[in-house]
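J.:
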Amino acid sequence: MTMRCCIVGGGPAGIVLGYLLARAGVEVCVLEKHADFFRDFRGDTIHPSTLQIMDELGLLDRLLQIPHSQLQLLTGRFGATRVAISDFSHVPGRCKFIAFMPQWDFLNFLSTQAKRYPSFELQMETEGTDLQTEGNRVTGVIAKTRQGLRTIAADLVVACDGRHSVLREKAGLKIQKLAAPIDALWMRISRKPSDPGNTFGTVVPGAVFVTIDRNEYYQCALVIRKGGFEEIKSRGLQAFRDQVAALAPYLKERTNELREWDDIKLLTVAVDRLERWHRPGLLCIGDAAHAMSPIGGVGINLAIQDAVAAANILSGSLRTGTASTKELAAVQRRREFPTKVTQAVQIFVQNHFMERVLSVDDPIAPPLLVRILNRVPLLRRIPAAIVGVGVRPEHVRTKEAQL
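Take any residue in the sequence shown, note its place counting from 1, add 641, and you have its number in this note's numbering.
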């Protein structure tokens, strides 16, 4: 099998890039190792920057018909003090809110739209396990399927296979590991209409607890110190339930829904990035190029911005041949600065806020910056722009080919 472009990984970066290339008339296949997109506790935040891209593609109205919740004002609670931190009502673009939508719904929607283009192919239960090379150039992917191994030759291979990317390891690309002093425990607890208005984050001595309103249930996260899950488990499941109930008292009667430790998923937080995102015939984007902290929920949106930039730069060459190493380097140049700035902000928050909160036992007052944001509504637009739009937002520059 021979394709112009073979994308390995059917996450947000892979599906968006596949859609954009097919829309531009490029022959592309996306390989996804699972049988479907259903994986709980994946990133569910669709930020205004991503919603703007959907609008530019003419997909926004249909996307927003999928059940979702919207967040315009981001609030938090420090002990008994409730504060407002970010106001998205003034961000540029059509959508002035963050949409919370299960990632599998988003991926199913977008892959369905991509299948309208004859040059798009999605191969499920197909896992990219190695690279085919000629000299220093990557010429294809060796993939594991239910029928056995197969080789897919491609003018360009794009690794979108996540923070534990197999392809970047096979390519020998070097990773720069950055600070990540936290982990997160994800869980699901049912929601009732009588619950109080959603406070996105609760901060108390030794803990940060996040609740994401998913209409019928909350997707909850407890931020813990790096490597602290085993200590938590040693105290017993009931002690963990009691801790959750103390952080969100309205959930007290529902913590028994956490019946076993398998109901609580550990996200080992990593912040890293590749020194070089490419080699001849191969490009890494999304988490395969830069793993992000969950702080701000920006990982999915940064990955999608990578995909848009890659399509803008590469689609012209891929329609008729292969992308040059110079063009692959241009994608990295375009997206490396936003990545570095975003990771620097995340590391600052981790080191100067999260780590301190998780290390103290005394009552915590909101930091000075948070108190200023709470008192001056106009300033809440700044963190909203940083989180919701980001640094150097991308816009769709490719034109739709004739079907």
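Backbone N, C-alpha and C fix where the C-beta goes; we use that ideal spot for every residue, glycine too.
1. Which two residues bound the contiguous alpha helix (DSSP H) that contains residue 695?
2. Please work out which residues of its chain come closer than 6 angstroms, Cβ to Cβ, to residue 647, disregarding the five sequence neighbours upstream and downstream, and give them in chain order.
3. So residue 935 and residue 910 are supposed to be a Cβ contact under 8 angstroms. How far apart are they, rounded?
4. For residue 732 versus residue 1026, is the C-beta spacing smaller than 8 angstroms?
5. Under a three-way DSSP split, which group does residue 674 fall into?
6. Ignore the nearest five residues each way along the sequence and tell me which others in residue 886's own chain have a CB closer than 7 angstroms to its CB.
7. I'd like to check one pair, residue 1002 with residue 776: are the Cβ atoms closer than 8 angstroms?
8. With respect to 7 angstroms, is the separation between the Cβ of residue 1017 and the closest non-hydrogen atom of the ligand SAM below this value?
9. With three or more C-beta pairs closer than 8 angstroms as the rule, is the stretch 965 to 978 touching the stretch 715 to 729?
10. Would you identify the three-state DSSP class for residue 830, choosing helix, strand or coil?
11. Helix, strand or coil for residue 802? Go by DSSP, reduced to three states.
12. Among 1016, 1018, 1031, 1020, which has the Cα closest to the Cα of residue 986?
13. Count the other C-beta atoms from every protein chain shown that fall within 10 angstroms of the C-beta of residue 694, then say buried if there are 16 or more, exposed otherwise.
14. Here's a check: name, in chain order, each residue in its chain whose Cβ is nearer than 7 angstroms to the Cβ of residue 902, leaving out the five neighbours to either side.
15. Three or more C-beta pairs closer than 8 angstroms, one from the stretch 943 to 963 and one from the stretch 854 to 863: is that the case here?
16. Tell me whether the beta-carbon of residue 801 lies closer than 8 angstroms to the beta-carbon of residue 652.
17. Is the Cβ-Cβ distance between residue 904 and residue 870 less than 8 angstroms?
18. Alpha carbon to alpha carbon, what distance is there between residue 684 and residue 906?
19. By the three-class DSSP mapping on this structure, what secondary structure does residue 713 have?
20. Start and end of the alpha helix (DSSP H) containing residue 857?
21. Just to confirm, are residue 668 and residue 645 a CB contact at a threshold of 8 angstroms?
22. Report the option in 1011, 859, 958, 706 whose CA atom is closest to the CA atom of residue 750.
23. For residue 1033, which option in 756, 1022, 1013, 981 has the closest C-alpha, if you only look at C-alpha atoms?
24. Measure the C-alpha to C-alpha separation of residue 810 and residue 725 and round it to an integer number of angstroms.
25. Take the Cβ of residue 687 as the centre, count every other Cβ of all protein chains shown within 10 Å, and call the residue buried at 16 or more, exposed below.
26. Smallest Cα separation from residue 971: which of 678, 918, 642, 690?
27. Are residue 964 and residue 664 closer than 8 angstroms when you measure CB to CB?
28. Whole-angstrom Cβ separation of residue 1010 and residue 1021, contact assumed at under 8 angstroms?
T.: So, to answer that:
1. 689 to 697
2. 670, 782, 793, 795, 798
3. 7 angstroms
4. yes
5. coil
6. 892, 893, 896
7. no
8. Among the ligands in the structure shown, none appear at all, so the ligand SAM cannot be discussed.
9. no
10. strand
11. coil
12. 1031
13. buried
14. 874, 878
15. no
16. yes
17. no
18. 14 angstroms
19. coil
20. No alpha helix (DSSP H) holds residue 857; DSSP gives it neither H nor E.
21. yes
22. 706
23. 981
24. 42 angstroms
25. buried
26. 918
27. no
28. Actually they are not in contact, since the Cβ atoms of residue 1010 and residue 1021 sit about 11 angstroms apart, beyond 8 angstroms.
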